[in-house]
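Encoded as structure tokens, the structure appears first; notes follow it.
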Amino acid sequence: MNILCVDDEPIVIEQLEFILKPAFPSWNLFLANDSIQAKSFMNSTYLHLAFLDIEMPGKSGLELAKDIISKQPHTQVVILSAHQDFSFAQKAIQIGVKEYLTKPIIESELIDVVLKLTPDTFLRNYSRVVNAAITYIQENYRSRISLNDIAEGIHVSPSYLSRKFSDEAKTSIMNYLNDYRIEKAKYLLTSTNENISEIAEQIGFNSLHYFSTQFKKKEQITPKQFREMTLYAN
280 MNILCVDDEP IVIEQLEFIL KPAFPSWNLF LANDSIQAKS FMNSTYLHLA FLDIEMPGKS
340 GLELAKDIIS KQPHTQVVIL SAHQDFSFAQ KAIQIGVKEY LTKPIIESEL IDVVLKLTPD
400 TFLRNYSRVV NAAITYIQEN YRSRISLNDI AEGIHVSPSY LSRKFSDEAK TSIMNYLNDY
460 RIEKAKYLLT STNENISEIA EQIGFNSLHY FSTQFKKKEQ ITPKQFREMT LYAN
């Protein structure tokens with residue numbers, strides 16, 4: 280699944296990446312700051328879904344939407360706008376845009392739109408129980424939750440949930456939780472100046488040492504090294 284995100288505000292691009300990457304880790308995100316970068320992706324990549332800012336330097340989001348829909352009519356286009364004016368939404372719908380989201384972006388609304396517009400072949404065929412567990416994690420990962428908490432929250436037994444999740448997701452539910460938290464940590468490490476212990480606490484780890492251990496296990500480097508490497512690359 281290939282998703283294009285276009286916005287001239289870096290913080291919006293970061294937010295889209297922050298929400299979408301952990302939620303759909305196997306999908307490809309293409310990030311652009313203007314229509315020129317977006318067209319480069321459009322000309323070389325089969326796009327399934329595109330999020331476009333309505334107001335950008337050069338071509339507007341609506342103009343870019345027309346180009347994308349003309350060249351790749353299968354692409355599901357979503358307009359992002361700070362405007363509440365319904366006339367903007369009407370214009371978007373008239374040219375074939377599927378959805379219109381107002382800023383600031385709300386995580387649950389964005390995920391709902393993605394699920395609505397995504398073909399079933401790209402969605403994991405998880406059971407209701409596993410989907411409920413994933414939703415619970417995405418909504419509560421900042422808290423210090425356990426397997427028992429998740430099971431209680433979705434009204435199943437811990438043993439049943441553990442077995443069901445491992446069978447379907449091919450990983451344990453606590454590994455999934457840790458991986459999800461670490462993806463959130465990577466965003467915070469590169470987009471804020473908060474110290475690493477504060478970040479660990481924000482994403483639900485009760486121990487800086489355990490957070491660092493889990494981070495290195497997944498990324499092969501420490502959180503500090505990840506931050507320094509990213510800053511150097513930029």
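Just add 279 to the spot in the sequence shown (first one is 1) and you have the working numbering.
C-beta atoms are modelled at their ideal positions from N, C-alpha and C, and glycine is treated no differently.
Where does the unbroken alpha helix (DSSP H) through residue i begin, and where does it stop?
i	result
Asn419	407-419
Ser339	Neither: Ser339 is in no alpha helix (DSSP H) and is coded neither H nor E.
Gln355	Gln355 -> not in any alpha helix (DSSP H); beta strand (DSSP E) instead, spanning 355-360.
Lys395	386-396
Tyr455	452-470
Phe239	In this structure the chain extends from 280 to 513, so residue 239 is not present and cannot be described.
Phe320	314-323
Ser422	Premise fails: Ser422 is in no alpha helix (DSSP H) and is neither H nor E.
Phe484	It is not in any alpha helix (DSSP H) - Phe484 carries neither H nor E in the DSSP assignment.
Ser436	Counting along the chain, Ser436 falls outside any alpha helix (DSSP H), and DSSP gives it neither H nor E.
Gln294	289-302
Count the other CB atoms, across all protein chains shown, that sit within 10 Å of the CB of residue i; report buried if there are 16 or more and exposed otherwise.
i	result
Met508	exposed
Gly340	buried
Ser360	buried
Pro502	buried
Asn474	exposed
Ile315	exposed
Gln294	buried
Tyr459	buried
Ile452	buried
Arg423	exposed
Leu394	exposed
Ile499	The question names Ile, yet the displayed sequence has Gln at residue 499. Counting Cβ neighbours within 10 Å, Gln499 comes out exposed, since fewer than 16 surround it.
Ile385	exposed
Leu456	buried
Ile372	exposed
Leu510	exposed
Gln363	exposed
Among the options, which residue has its Cα nearest to the Cα of residue i?
i	options	result
Ala317	Val291, Ile347, Glu296, Pro289	Ile347
Asp313	Ser366, Arg442, Glu342, Asp458	Glu342
Val291	Pro437, Ser441, Leu380	Leu380
Ser470	Gln369, Glu296, Asp287, Ile282	Glu296
Pro352	Leu326, Asn307, Gln363, Phe330	Leu326
Lys377	Gln363, Ile390, Ala329	Ala329
Pro336	Leu467, Ile452, Asp287	Asp287
Thr397	Thr354, Ile374, Glu334	Thr354
Lys345	Ser323, Thr324, Ser366, Lys370	Lys370
Ala368	Leu331, Thr324, Val285	Leu331
Lys350	Gln481, Phe320, Tyr466	Phe320
Glu418	Gly483, Met280, Leu310	Gly483
Ala464	Phe505, Trp306, Ile282	Phe505
Ser387	Ala311, Ser445, Ala302	Ala302
Leu283	Ile374, Thr324, Ile298, Pro289	Thr324
Ile298	Leu467, Lys496, Val356, Thr492	Leu467
How far does the beta strand (DSSP E) with residue i in it reach, from first residue to last?
i	result
Leu308	307-311
Asn281	281-285
Leu331	328-332
So residue i and residue j are supposed to be a Cβ contact under 8 Å. How far apart are they, rounded?
i	j	result
Lys515	Glu462	Only positions 280 to 513 of the chain appear in the structure, and residue 515 is not among them; the question remains open.
Ser223	Lys443	Not covered by the structure: residue 223. The range shown for the chain is 280 to 513.
Ala448	Val409	6 Å
Tyr415	Gly432	5 Å
Leu426	Ser441	6 Å
Ile358	Ile333	5 Å
List the DSSP bridge partners of residue i.
i	result
Thr381	Ser360
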